[in-house]
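Participant:
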Amino acid sequence: MRSLTNVLLKVFANGFFRVHAGILLFIFLAMVGVVPPQYLIGYHKALMLSMGSNLVMMVLVFAGWLIYTVKSWHYVSGQIFSGRQHFLFYSSNAFSKQQQLRSWCITQASILSPLIIYGLIAVGVSFANHYYALPLCILAYLSALVYLSAVIYTRQINGLIDGSSQSLLLRLSSKWRKPYFSLCIYHIFDARKVPYLITKALSWLIITGVFWVFADVKTDVRVAGIAILAVVTAHVVLVFEERKFEETKLSFSRNLPYSLMKLFMNFIGVYFVLLIPETVWLFSRFSPIMAFELFLLGLSIIMLFHCLLYWFGLNMDKYLQWALGLFIVLFWVIMFKLLWVLAPINLGIAYLIFQKNYRNHDPLDLRIS
Amino acid sequence: MLQFVNFSKRYGSYPALKVDSLKLEKGIYWIKGINGSGKSTLLKSIAGILAFEGDILLDGQISIKKQPVDYRKLVNFAEAEPVFPEFLTGTEMIALFTDAKDAPKGQEQAYLKSMNMQSFVDRPIGTYSSGMLKKLSLLLAFLGNPKLILLDEPLITIDTASLAVLNTWIRERYEQEGTSFLLSSHQMLEDGSLPLSAELLVEEQSLKFIG
């Protein structure tokens, strides 16, 4: 049984932390950096005490923990069915159900360890201050999360793989013709629904946030321009996913007789579709001319982000640095009200990068033989 | 038919393949070479998938660099281990290639039938076995009116009955339309199954005729 726990920990727990290292670090820093250092311990002690003594506070924290747990379900289930982990379907389920459950409990506890450690300290602090009922709820809740997750994973592993499952969109569209440009869109809506929805939620938050901050000057085109810039910057992960799909699954298309201009227009089409919710918002809020100007700006910035990836390849670190750098530069250009100039310049630069690199780089998946 | 002009392919600083000058006349060629010798690199470069220095000319005038679209209409390719988006069906891939390569309508029907693919071609590619995927990628390489078809390791993963069918496809296209073929394989081709024009060897980062 220890052998199984060992494999599960290495594959799933380590994998989870590797993939989410950035966001976890960010949350950690946000929690540490939220108050000046001298108040840090006092602040967290108060926070933990309120968790153990105030029902509303506890429910709020539970909701946050649930989001974290759902994220871990999403990751682990994705991995279980990813093909590389298929060996588990003909090895791990030879252990008894009890043994499997125990190994998965340990794995999930390890994935939830940041919550468990924080929760246990909160329970200790609350006990020390003579609160007992709610801290016991915290213990029960954490145990339930771990056990429930283990039951879900064990069920998945002991079921049979149904390779024919298809998303609703693909079943509905099975009779439609799928031109080349639509493939990236189908990919996003089929396999990258969660990043897409997160991006759109972020878009909405940004728009609301920017107009709230600049409530006094909200008819200024610059405010809308900055909102669009921020919204498009929130799409960087989606752009990266789309490029990764192109490099890995569409490498065959490099043998197809498409001109560079056609391919470039193809990607404009892809982002036009992905930005439809934002476009609807623009046209419902601003005059048609201003909405069109802002729409063009958004499209030109996203194409620039897209084409950068042909230049230095699928390097996330470098990409994020460039995205941040460009954000700052474009921010100032927008401040000087140069929106009309910006769109053609962005598109021009994007096309130049595309033209120079598209046929001069190798696709990601290189099998030298 | 095909001409290499100062062709050189590098992976970073590692020189993978170099062909200064070589001309291939119309025909069926068998490219030999051990694992890792660079057979796939050669075929992927000719197909326009990998970037390289120098040039490759088709029929002495159509350059892969200067007329990239015309060149790609006339050169088709089937990968050794094909990868396609799992959510597409075989029929959708065929429609995409038919459009791109200007294939006559219904051209795929005879191929689908002779390779017994009708039963699965409407299913999503994610459900295919490696043999089914390989058959699909071979069929795609025959769509349109190419002057040259590149088949990378066509013998792997398909069964012997399908192999015989593939040989018929190659022979028919060569004899009726004068299509040339470059086939790479580290295995022996069956004696007399194909009218081979010559054998080529990829060795020591270069390409040469055998014998």
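Chains A and B supply the protein sequences, listed in that same order. Quick note on this note's numbering: the first sequence kicks off at 1 and runs consecutively. Quick note on this note's numbering: the second sequence kicks off at 1001 and runs consecutively. Cβ atoms here follow ideal geometry from the backbone N, Cα and C, with glycine treated the same way.
In three-state DSSP terms, what is L366(A)?
Facilitator: Its pLDDT being 42, under 50, L366(A) is placed unreliably by the model, and the measurement read from it follows with that caveat. Coil.
Participant: Determine the contact status of T69(A) and S149(A), defining contact as a CB-CB distance below 8 Å.
Facilitator: Contact: yes.
Participant: Tell me whether I1210(B) sits in a helix, a strand or coil according to DSSP, three-state version.
Facilitator: In this structure, I1210(B) counts as coil in the three-state DSSP scheme.
Participant: Is the distance from the Cβ of M316(A) to the Cβ of F240(A) below 8 Å?
Facilitator: Yes.
Participant: To the nearest angstrom, how far is the alpha carbon of A234(A) from that of W311(A)?
Facilitator: When rounded, the distance between both Cα atoms is 21 Å.
Participant: Run down chain B in chain order and give the residues with a C-beta less than 8 Å from the C-beta of P195(A).
Facilitator: Those do not exist, as P195(A) stays about 16 Å from chain B at its closest Cβ, beyond 8 Å.
Participant: Use the C-beta contact count for T1168(B): other C-beta atoms within 10 angstroms, 16 or more gives buried, fewer gives exposed.
Facilitator: Looking at its Cβ environment, which holds fewer than 16 other Cβ atoms inside 10 Å, T1168(B) is exposed.
Participant: Going by the CB atoms, is the gap between V1202(B) and S1037(B) shorter than 8 Å?
Facilitator: Their beta carbons are under 8 Å apart, which means S1037(B) touches V1202(B) by this criterion.
Participant: Closer than 8 Å between beta carbons: that is the criterion. Which residues of the region 1150 to 1182 of chain B meet it against chain A?
Facilitator: From the region 1150 to 1182 of chain B, no residue has a Cβ closer than 8 Å to chain A.
Participant: Closer than 8 Å is the cut-off here; do at least three beta carbon pairs connect the region 1048 to 1059 of chain B with the region 1005 to 1025 of chain B?
Facilitator: Cβ pair count under 8 Å is three or more, so yes.
Participant: Any beta carbon from chain B within less than 8 Å of L170(A)'s own beta carbon?
Facilitator: True, the Cβ-Cβ gap to chain B drops below 8 Å.
Participant: Quick one, which residues of the region 225 to 258 of chain A are near chain B if we go by CB-CB under 9 Å, in chain order?
Facilitator: For the region 225 to 258 of chain A, which is checked against every Cβ of chain B, the residues closer than 9 Å are F245, T248, K249, L250, S251, F252, S253, R254, N255, L256, P257 and Y258.
Participant: Closer than 8 Å, CB to CB, is N360(A) near chain B or not?
Facilitator: Yes, its Cβ sits closer than 8 Å to a Cβ of chain B.
Participant: So does the region 202 to 211 of chain A actually touch the region 1097 to 1109 of chain B, counting three or more Cβ pairs closer than 8 Å?
Facilitator: At 8 Å Cβ cutoff, the stretches do not touch.
Participant: So S110(A) and A13(A) are in contact, right, with Cβ under 8 Å, and what is the actual spacing, rounded?
Facilitator: Between A13(A) and S110(A) the Cβ distance is about 4 Å, and since that is below 8 Å, they are a contact.
Participant: Helix, strand or coil for A1103(B), going by three-state DSSP, please let me know.
Facilitator: Of the three classes helix, strand and coil, the one that applies to A1103(B) here is coil, per DSSP.
Participant: Could you tell me the alpha carbon to alpha carbon distance between F286(A) and F327(A), rounded to whole angstroms?
Facilitator: Whole-angstrom Cα-Cα distance: 23 Å.
Participant: Could you tell me whether the Cβ atoms of R243(A) and L314(A) are closer together than 8 Å?
Facilitator: Their beta carbons are under 8 Å apart, which means R243(A) touches L314(A) by this criterion.
Participant: Measure the alpha-carbon distance for F305(A) versus A343(A) and round it to whole angstroms.
Facilitator: Approximately 13 Å, taken between the alpha carbons.
Participant: In chain B, which residues lie with their C-beta within 9 Å of the C-beta of H187(A)?
Facilitator: Residues of chain B passing the Cβ test: P1085 and F1087.
Participant: Using a Cβ-Cβ distance under 8 Å, would Y180(A) count as near chain B?
Facilitator: Closer than 8 Å to some Cβ of chain B, the Cβ of Y180(A) qualifies, so yes.
Participant: When DSSP builds the beta bridges, which residues end up paired with P1015(B)?
Facilitator: P1015(B) is bridged to R1010(B).
Participant: Does I1028(B) come out as helix, strand or coil in the three-state DSSP assignment?
Facilitator: Strand.
Participant: Bridge partners for N1076(B) per DSSP, in chain order?
Facilitator: Bridge partners of N1076(B): I1149(B).
Participant: Would you mind reading off the limits of the alpha helix (DSSP H) that contains L1166(B)?
Facilitator: Unbroken alpha helix (DSSP H) run through L1166(B): T1160 to E1177.
Participant: State the beta-bridge partners of V1005(B) as determined by DSSP.
Facilitator: Answer is S1021(B) and D1055(B).
Participant: Distance, Cα to Cα, D365(A) vs F252(A)?
Facilitator: Residue placement at D365(A) is poorly supported in this model, since its pLDDT is 48, which falls under 50; the coordinates are not used for a value here.
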